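Peer 1: Protein chains in written order, with my numbering: chain A, 1 to 120; chain B, 1001 to 1120; chain C, 2001 to 2120; chain D, 3001 to 3120; chain E, 4001 to 4120; chain F, 5001 to 5120; chain G, 6001 to 6120; chain H, 7001 to 7120; chain I, 8001 to 8120; chain J, 9001 to 9120.
Where is the CB? At the ideal position from N, CA and C, for every residue including glycine.
Since this is a predicted model, take the numbers as computed values, not measurements.
Attaching a single structure in structure tokens format; questions to follow.
There are 10 protein chains.
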Amino acid sequence: MSDPSRDTLDTFPNPYPERNFVVVTVAPEFTSICPKTGHPDFGTLTISYVADELCYELKSLKLYLQEYRNHGAYYERVTNMILDDLVAVTSPRWMKIEAAFTPRGGIRTTVVVEHGKQPG
Amino acid sequence: MSDPSRDTLDTFPNPYPERNFVVVTVAPEFTSICPKTGHPDFGTLTISYVADELCYELKSLKLYLQEYRNHGAYYERVTNMILDDLVAVTSPRWMKIEAAFTPRGGIRTTVVVEHGKQPG
Amino acid sequence: MSDPSRDTLDTFPNPYPERNFVVVTVAPEFTSICPKTGHPDFGTLTISYVADELCYELKSLKLYLQEYRNHGAYYERVTNMILDDLVAVTSPRWMKIEAAFTPRGGIRTTVVVEHGKQPG
Amino acid sequence: MSDPSRDTLDTFPNPYPERNFVVVTVAPEFTSICPKTGHPDFGTLTISYVADELCYELKSLKLYLQEYRNHGAYYERVTNMILDDLVAVTSPRWMKIEAAFTPRGGIRTTVVVEHGKQPG
Amino acid sequence: MSDPSRDTLDTFPNPYPERNFVVVTVAPEFTSICPKTGHPDFGTLTISYVADELCYELKSLKLYLQEYRNHGAYYERVTNMILDDLVAVTSPRWMKIEAAFTPRGGIRTTVVVEHGKQPG
Amino acid sequence: MSDPSRDTLDTFPNPYPERNFVVVTVAPEFTSICPKTGHPDFGTLTISYVADELCYELKSLKLYLQEYRNHGAYYERVTNMILDDLVAVTSPRWMKIEAAFTPRGGIRTTVVVEHGKQPG
Amino acid sequence: MSDPSRDTLDTFPNPYPERNFVVVTVAPEFTSICPKTGHPDFGTLTISYVADELCYELKSLKLYLQEYRNHGAYYERVTNMILDDLVAVTSPRWMKIEAAFTPRGGIRTTVVVEHGKQPG
Amino acid sequence: MSDPSRDTLDTFPNPYPERNFVVVTVAPEFTSICPKTGHPDFGTLTISYVADELCYELKSLKLYLQEYRNHGAYYERVTNMILDDLVAVTSPRWMKIEAAFTPRGGIRTTVVVEHGKQPG
Amino acid sequence: MSDPSRDTLDTFPNPYPERNFVVVTVAPEFTSICPKTGHPDFGTLTISYVADELCYELKSLKLYLQEYRNHGAYYERVTNMILDDLVAVTSPRWMKIEAAFTPRGGIRTTVVVEHGKQPG
Amino acid sequence: MSDPSRDTLDTFPNPYPERNFVVVTVAPEFTSICPKTGHPDFGTLTISYVADELCYELKSLKLYLQEYRNHGAYYERVTNMILDDLVAVTSPRWMKIEAAFTPRGGIRTTVVVEHGKQPG
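See the structure below:
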């Protein structure tokens, strides 16, 4: 399986660009590999955004996220990377990703990254 | 079954137009057809609004939403369409629709659209 | 059973008028009659207020709400009526009523009405 | 859309016929039409069975259940019909269907039908 | 409003008398009057039964239960009365009613009555 | 306040002695005094029984349980005492009490006592 | 048992007065006597505060709250009294008490009182 | 801190030996040390028993369980050890311990041990 | 990554073979590949067993389950395979696996397989 | 076991210092010793922060928190101490710790401490 690539992400034109509406996508089956231990990590990604001219296509988002399955990645870096890729491909007015990982060693971690400011 | 039409929506005069009050309607049995796969989609619509002179009548709202049953529609478009229809028919001071769809391919999507600003 | 009347409501002097404190009363056993179908409606009323000189007495509130038992009333109107009656009797600094009705035809409705502004 | 037909159901050979194991399938997006009112009904089907030589294929089960979408059917009849069809096609050692429908008129109904006795 | 009467209950022929299947009906909007205090009581009725030749019709069950709205009745008696009426009208192979009333004086009561033995 | 006494308990004739039906009473506001520490204990009593000729009256049960408010009593003893008193007063076909106390020192205790065998 | 007295409350010096930190204390076992009916009331107190130079000691808070056990007190008054006592003894930068009482007559009440403004 | 010892456990005479009643004790703050990794383990113990002549005293149970705080012990062994100690000290008619440990490496384990047969 | 192999599983001697005790292991992070679509499947395995002479070691169980990460396997087959491997390695007195998979196409499936009879 | 020391905490360079992102770490297995009673305390720490140049390493955080296992510490002091140590080691743009302790004497306490202001 190849490395995660933003080329996997497809877009379609925002059907209502004249309105600031929010799309929230919850992907509870995210998994990657911890680069330190080699063991799999699991988490739930919640992506919220206000599209500008482009929306991401859901099937392609699913395939893009599956590319992390055998990819080594730390929590903080992987969350920022996914935000960078989605921003690069859709140029949204605003986007936020909340990545809630399952516990390791009795401790669980959530990373929240944001691009721009949510239109009020 | 005919296409969804705002003509199905009935209204009645706002009984307290001198007060900005909020009505929240939750319709958990919304279903339409995915234009790509032909499979049915399911979701819960939460409509909140501050009426101006007209309120929508609940029975007619139910019939209007049932018209989507065999209608092909993407998440983003259908939510905006319903908002447009309800705004056209009731001219509210403010309206918001939150459409939470059930998971597809392990991913679930919520679309939030808003018309105007909630009176403070 | 007579029609709902604000005369049923008793009050007592606010024991701490020098402080803006909030009282929240939840009445989950509200029921009235739908004027259209003749069938009973059921709902939960949540009344929040900051009293000025008078508080409503709880036993009398219960009796007042019971007067709606065989009274025909639409959701929007009944919620505003109860607010009007409670405001007339207690002249509060602020009052809000949230009336959450049980589903009819698969759709459920909540009405939120407010009098004045909550002291900050 | 055609009427529900057991021909839509595909099967595959039970991979472990030497063991009595239970498969539970939960389909929360079942919908049909009430023959009396013409309004849609919604429910969650929970199918449990011990296969003999054949298992039903999940994709075909989904298509089969979708055939009820515009089909008029009472709760009691439709649940028994689905059991009859699944039994006819898979000849299981045991099968049970629990169909939990959403409320109508403030009342909700669940129908539980069973074929044979669960192997102990 | 007249007294509760079993004449209000309609039936229809059991569509699958050759199979012992269970129908569970949950009616969460039951209300009657406490004969002692004159205040309304509220409860949720869960009726389970295996029909013989007749099923009760849901709309008529709803109307029958509404006849208790202004009827004075103690918990134990009303639950047994409803069972008697439903048994008289449908002659089921088995029937059970669980009536869970809301708290009074900080205490809540559930009454469970049964007719016959559930076919195994 | 006097000591708990079974004389406080009133009864009324079982309205359906010909049927074995179960009454479940949940009293979540039970409180007594720990004889060791002098601090109050709190718990929820769940009383289930099949009456023979007599049912306990709920208001008197409430008053009886309130008599424990300033009474010193260990968990095991108090639960058995209440069962003894209720059995003495109502002579039930079967009775069970489950007393779930709130945590002390991070540990919580439930005591379950039973009189006779539940009629099958 | 004596009347509630703020003398029961002990304090200790705030270990970090240079920082505005919030302490939230939840006491779910509060009970007092309704002056009207003589029956016990039950509730959960949630006390939040930013200490200035003094913190209240938890064991003494528990003893202080136990003094209400046989004390007659209305909801609104008792909540304000406890706030007054805690403010008098600790002179906090900010304090809020939320007292959520259990239902009486099917209605439940929460009282929220506040002293000062929470430091931002 | 010394090793866990059954000598820490105190008993008191069963106040109702003539009745088979069940006492359930839930201790959610159990912690010991994993002998392999040296890291702490955490779990919730649920102890159920029917006493014969002796009950264990709760304060001493708490102290006994605290003795495992710095003690190395595998899940299976520690649960059996605690059962052995409690059985040795109280000679119950029946006892069961369910020990539910928190997740390690994404996997959580519960151990259920039983002594004798619960009196029917 | 190699194919799943029972050689990955380590065991240790049952510390209490003289007692029939149950160990329940819950592994919520199981994932494999659907052979039909190539997409990943996710599920929670609950393994319950009464060991005879050998217990499985948890770390090795985790590694064994991780070997399914890139392995193609249908629900029914994979659950039976895991049971076969665990039985082969530990020869338990009884073992049961419940595998609850996440929804696909709006439908979710649970497979329950059992080896032997739970000692009573 | 030595006293808690900030030297135990390791850091790594913030992978995205150009973005203000939030990391939330939940450690539900915190335990220390009450200096007054000698009994263990238990709580859940929720640490949220916006890193500047350094992030804390999770394994070292776990070891650092384990150093409190046999350390005497009051709720208010220990929460402030942990904040001081984490701030000293990572110099974050913002950090907040919420420490929710389990009930003692029926009362539970949460302490919330904050360093700096969350970047907007």
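So, are the CB atoms of threonine 8025 of chain I and aspartate 8041 of chain I less than 9 angstroms apart?
Peer 2: As a first step, residue 8025 of chain I is located in the ninth sequence; it is residue number 25 there, counting from the start. As a first step, residue 8041 of chain I is located in the ninth sequence; it is residue number 41 there, counting from the start. Contact flag unset, no.
Peer 1: May I ask you to list, following chain order, the residues of the stretch 9094-9106 of chain J that have a beta carbon less than 8 angstroms from some beta carbon of chain K?
Peer 2: Going by chain labels, chain K is absent from the structure shown, which instead holds the protein chains A, B, C, D, E, F, G, H, I and J.
Peer 1: Of all the CB atoms in chain F, is at least one closer than 9 angstroms to the CB of threonine 9071 of chain J?
Peer 2: On the tenth sequence, position 71 is the one that residue 9071 of chain J refers to. Threonine is not the amino acid found at residue 9071 of chain J; the sequence shown has histidine there. It does not; no Cβ of chain F falls within 9 angstroms.
Peer 1: Who are the Cβ neighbours of proline 6122 of chain G in its own chain at under 7 angstroms, not counting the five residues just before and after it?
Peer 2: Outside the displayed range of chain G (6001 to 6120) lies residue 6122 of chain G, so it cannot be described from this structure.
Peer 1: For a test of the three-state rule: what should DSSP assign to lysine 1096 of chain B, helix, strand or coil?
Peer 2: The count along the second sequence starts at 1 and reaches residue 1096 of chain B at position 96. Reduced to three states, the DSSP call for lysine 1096 of chain B is strand.
Peer 1: Have a look at the DSSP bridge pairing and note the partners of cysteine 1055 of chain B.
Peer 2: Counted from its first residue, the second sequence places residue 1055 of chain B at position 55. Its beta-bridge partners are B:Phe1012.
Peer 1: Could you check the C-alpha separation between aspartate 1085 of chain B and threonine 2079 of chain C for me, to the nearest Å?
Peer 2: Looking up residue 1085 of chain B in the second sequence gives position 85. Looking up residue 2079 of chain C in the third sequence gives position 79. Their backbone Cα atoms lie some 26 angstroms apart in a straight line.
Peer 1: Quick test of your reading: alanine 51 of chain A and threonine 90 of chain A, contact by CB under 8 angstroms. State the CB separation rounded to the nearest angstrom.
Peer 2: As a position in the first sequence, residue 51 of chain A is number 51, starting the count at 1. As a position in the first sequence, residue 90 of chain A is number 90, starting the count at 1. Indeed, because the Cβ distance is near 6 angstroms, the residues count as touching under 8 angstroms.
Peer 1: Nearest by alpha-carbon distance to alanine 1099 of chain B: which of B:Gly1106, B:Gly1105, B:Val1113 is it?
Peer 2: Residue 1099 of chain B sits at position 99 when you count from the first residue of the second sequence. Per the Cα distances, B:Val1113.
Peer 1: When the cut-off is 9 angstroms and only beta carbons count, does histidine 6039 of chain G lie next to chain E?
Peer 2: For the purposes of this step, residue 6039 of chain G is taken as residue 39 along the seventh sequence, with counting starting at 1. So, interface residue.
Peer 1: If glycine 4106 of chain E and glutamate 5029 of chain F are in contact, beta carbons under 8 angstroms, what's the gap, nearest whole angstrom?
Peer 2: Counted from its first residue, the fifth sequence places residue 4106 of chain E at position 106. Counted from its first residue, the sixth sequence places residue 5029 of chain F at position 29. So it is a contact: roughly 4 angstroms between Cβ atoms.
Peer 1: So alanine 6053 of chain G packs on proline 6013 of chain G, CB below 8 angstroms; how close in whole Å?
Peer 2: Here residue 6053 of chain G corresponds to residue number 53 of the seventh sequence, with the count starting at 1. Here residue 6013 of chain G corresponds to residue number 13 of the seventh sequence, with the count starting at 1. Reading off the sequence, residue 6053 of chain G comes out as glutamate, not alanine. At roughly 7 angstroms, the Cβ-Cβ gap stays under 8 angstroms, so glutamate 6053 of chain G and proline 6013 of chain G are in contact.
Peer 1: Just the Cα atoms here: how many angstroms apart are valine 4022 of chain E and lysine 5096 of chain F?
Peer 2: In the fifth sequence, counting from the first residue as 1, residue 4022 of chain E sits at position 22. In the sixth sequence, counting from the first residue as 1, residue 5096 of chain F sits at position 96. Near 28 angstroms, if we compare the C-alpha coordinates of lysine 5096 of chain F and valine 4022 of chain E.
Peer 1: Using 10 angstroms around the beta-carbon of threonine 4110 of chain E, count the other beta-carbons present and answer buried if the total reaches 16, otherwise exposed.
Peer 2: The count along the fifth sequence starts at 1 and reaches residue 4110 of chain E at position 110. Buried is the call here.
Peer 1: Among residues of its own chain, excluding the 5 on either side of proline 3017 of chain D, which ones have a beta-carbon nearer than 8 angstroms to its beta-carbon?
Peer 2: For the purposes of this step, residue 3017 of chain D is taken as the residue at position 17 of the fourth sequence. Answer for proline 3017 of chain D: Ala3051, Asp3052, Glu3053, listed in chain order.
Peer 1: By how many angstroms is the C-alpha of arginine 2093 of chain C removed from the C-alpha of leucine 6039 of chain G?
Peer 2: Position 39 of the seventh sequence, counting from 1, holds the residue named residue 6039 of chain G. Position 93 of the third sequence, counting from 1, holds the residue named residue 2093 of chain C. For the record, residue 6039 of chain G in the displayed sequence is histidine; it is not leucine. Taking the straight line joining both Cα atoms gives about 31 angstroms.
Peer 1: Does the beta-carbon distance from leucine 9058 of chain J to arginine 104 of chain A come in below 9 angstroms?
Peer 2: Translated into the one-based positions of the tenth sequence, residue 9058 of chain J becomes position 58. Translated into the one-based positions of the first sequence, residue 104 of chain A becomes position 104. Closer than 9 angstroms, so yes.
Peer 1: Give the residues from the stretch 4013-4036 of chain E that approach chain C closer than 7 angstroms (Cβ to any Cβ), ordered along the chain.
Peer 2: Correct list: Glu4029, Thr4031.
Peer 1: Pick out whichever of J:Asn9020, J:Ala9027, J:Pro9119 has its Cα sitting closest to the Cα of isoleucine 9082 of chain J.
Peer 2: Locating residue 9082 of chain J in the tenth sequence gives position 82, counting from the first residue. Out of J:Asn9020, J:Ala9027, J:Pro9119, J:Ala9027 has the C-alpha closest to the C-alpha of isoleucine 9082 of chain J.
Peer 1: Is tyrosine 8075 of chain I close to chain D? Criterion is C-beta to C-beta, closer than 9 angstroms.
Peer 2: To locate residue 8075 of chain I, count along the ninth sequence from 1; it is residue 75. Output row for tyrosine 8075 of chain I: interface = yes.
Peer 1: Going by other Cβ atoms of all chains shown within 10 Å of its Cβ, with 16 needed for buried, is lysine 9062 of chain J buried or exposed?
Peer 2: Residue mapping note: residue 9062 of chain J aligns to position 62 of the tenth sequence, counting from 1. The residue in question, lysine 9062 of chain J, is buried, as its Cβ has 16 or more Cβ neighbours within 10 Å.
Peer 1: Please report how far the alpha carbon of arginine 19 of chain A lies from the alpha carbon of serine 9048 of chain J, in whole angstroms.
Peer 2: Locating residue 19 of chain A in the first sequence gives position 19, counting from the first residue. Locating residue 9048 of chain J in the tenth sequence gives position 48, counting from the first residue. One C-alpha to the other measures close to 33 angstroms.
Peer 1: What residues in its chain sit with their C-beta under 7 angstroms from that of threonine 2011 of chain C, if we drop five residues either side in the sequence?
Peer 2: As a working mapping, residue 2011 of chain C is identified with position 11 in the third sequence. These residues qualify, in order along the chain: Leu2054, Cys2055, Tyr2056, Glu2057, Val2089, Thr2090.
Peer 1: Can you pull the DSSP bridge partners for valine 1026 of chain B?
Peer 2: Residue 1026 of chain B sits at position 26 when you count from the first residue of the second sequence. Note: valine 1026 of chain B sits in a beta bridge opposite B:Thr1046, C:Arg2108.
Peer 1: Measuring straight from C-alpha to C-alpha, what distance separates glycine 6116 of chain G and tyrosine 5075 of chain F?
Peer 2: One-based indexing of the seventh sequence puts residue 6116 of chain G at position 116. One-based indexing of the sixth sequence puts residue 5075 of chain F at position 75. Spanning the two alpha carbons is a distance of roughly 43 angstroms.
Peer 1: Check the Cβ of threonine 3109 of chain D against every Cβ in chain E and list those closer than 9 angstroms, keeping chain order.
Peer 2: By 1-based counting over the fourth sequence, the position of residue 3109 of chain D is 109. Those are Val4023, Val4024, Thr4025, Val4026, Leu4058, listed as they occur along chain E.
Peer 1: Between which two residues does the alpha helix (DSSP H) holding aspartate 8003 of chain I run?
Peer 2: Locating residue 8003 of chain I in the ninth sequence gives position 3, where the first residue counts as 1. It is not in any alpha helix (DSSP H) - aspartate 8003 of chain I carries neither H nor E in the DSSP assignment.
Peer 1: Starting from tyrosine 75 of chain A, trace the alpha helix (DSSP H) both ways and give me its first and last residue.
Peer 2: As a working note, residue 75 of chain A is residue 75 in the first sequence. Note, tyrosine 75 of chain A: alpha helix (DSSP H), 75-90.
Peer 1: For phenylalanine 7101 of chain H, list the residues DSSP reports as bridge partners.
Peer 2: Counting from 1 along the eighth sequence, the entry for residue 7101 of chain H is found at position 101. In DSSP, phenylalanine 7101 of chain H forms a bridge with H:Gly7043.
Peer 1: Quickly, what does DSSP pair histidine 6115 of chain G with across the bridge? List them, please.
Peer 2: Counting from one through the seventh sequence, the residue named residue 6115 of chain G turns up at place 115. Answer is G:Met6095, bridged to histidine 6115 of chain G.
Peer 1: Quick one, which of B:Val1087, B:Pro1119, B:Ser1060, B:Pro1035 has its alpha-carbon nearest alanine 1073 of chain B's?
Peer 2: Position 73 of the second sequence, counting from 1, holds the residue named residue 1073 of chain B. The option with the nearest alpha carbon to alanine 1073 of chain B is B:Pro1035.
Peer 1: Which residue's Cα is closest to the Cα of leucine 2045 of chain C: G:Arg6108, G:Gln6118, G:Pro6119, G:Gly6120?
Peer 2: Numbered from its first residue, the third sequence carries residue 2045 of chain C at position 45. Among G:Arg6108, G:Gln6118, G:Pro6119, G:Gly6120, the Cα nearest to that of leucine 2045 of chain C is on G:Arg6108.
Peer 1: Kindly list the residues whose CB is nearer than 7 angstroms to the CB of threonine 6102 of chain G, restricted to its own chain and excluding five residues on each side of it in sequence; keep chain order.
Peer 2: Sequence index remark: in the seventh sequence, residue 6102 of chain G carries index 102 (1-based). Answer for threonine 6102 of chain G: Phe6042, Gly6043, Arg6108, listed in chain order.
Peer 1: Under 8 angstroms between beta-carbons, which chain A residues line up against glutamine 8066 of chain I? List them in chain order, please.
Peer 2: Working through the ninth sequence from its first residue, we reach residue 8066 of chain I at position 66. Those are His39, Pro40, listed as they occur along chain A.
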